[in-house]
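Visitor:
Residue numbers (our numbering): 227 to 419.
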């Protein structure tokens, strides 16, 4: 999907609902921060001014849009093309890792979580905002039925991924979980164990 089309499609959702969630997600970022899957840079406005921000995204067109947004905001940032499963950073490089609506599209989320744990400093925080598999059995079945088509349309997005369980079973201790839209969207704060 082209970056301009993505932003146009997401604009109403961002304006009416996502902005405060994004602000809440990134406002506690401290020190050296890695954002996995920055996309077009929707979180940039909300980061604290004093952080050192680095981000990766596999989509070069999205990165161009994020770079433009960062320049407009006067936000220094390092932007790299890359994948969550192969983070090009040394062990224990970051104080905070942020991901918003990313782990639904990651091809190998377990490997990506291992990489997040590897690049986090001891005591570092991992914060994510994700749409996930719902608790309601009927809703979950609908997600299962729609996911094959949705993956094809939406960059490999899995509507039915249980990201919280993946985080909890791959070396992280959850410190906070907030549910939105009856559990369709989760905000998770975690630390590596």
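Ideal Cβ positions, reconstructed from N, Cα and C, are used throughout, including at glycine.
(1) Taking all protein chains shown into account, do 16 or more other C-beta atoms lie within 10 angstroms of the C-beta of residue 336, making it buried, or fewer, making it exposed?
(2) Short of 6 angstroms in beta carbon distance, which residues of its chain neighbour residue 385, apart from the five on each side in sequence? Order them along the chain.
(3) What's the call for residue 283, buried or exposed, on a 16-neighbour Cβ count within 10 Å?
(4) For residue 213, does the three-state DSSP call read helix, strand or coil?
(5) Let's see if you can read the secondary structure: which residues bound the beta strand (DSSP E) around residue 260?
(6) Quick check: what's the CA-CA separation for residue 271 versus residue 299?
(7) Classify residue 249: buried if its beta carbon has 16 or more other beta carbons within 10 angstroms, exposed otherwise.
(8) Based on the DSSP secondary-structure assignment, which residues constitute the bridge partners of residue 414?
Guide: Concretely, from the data shown:
(1) exposed
(2) 369, 372, 373 and 376
(3) buried
(4) Because the chain spans 227 through 419 in this model, residue 213 falls outside it and cannot be assessed.
(5) 258–262
(6) 7 angstroms
(7) exposed
(8) 354 and 403
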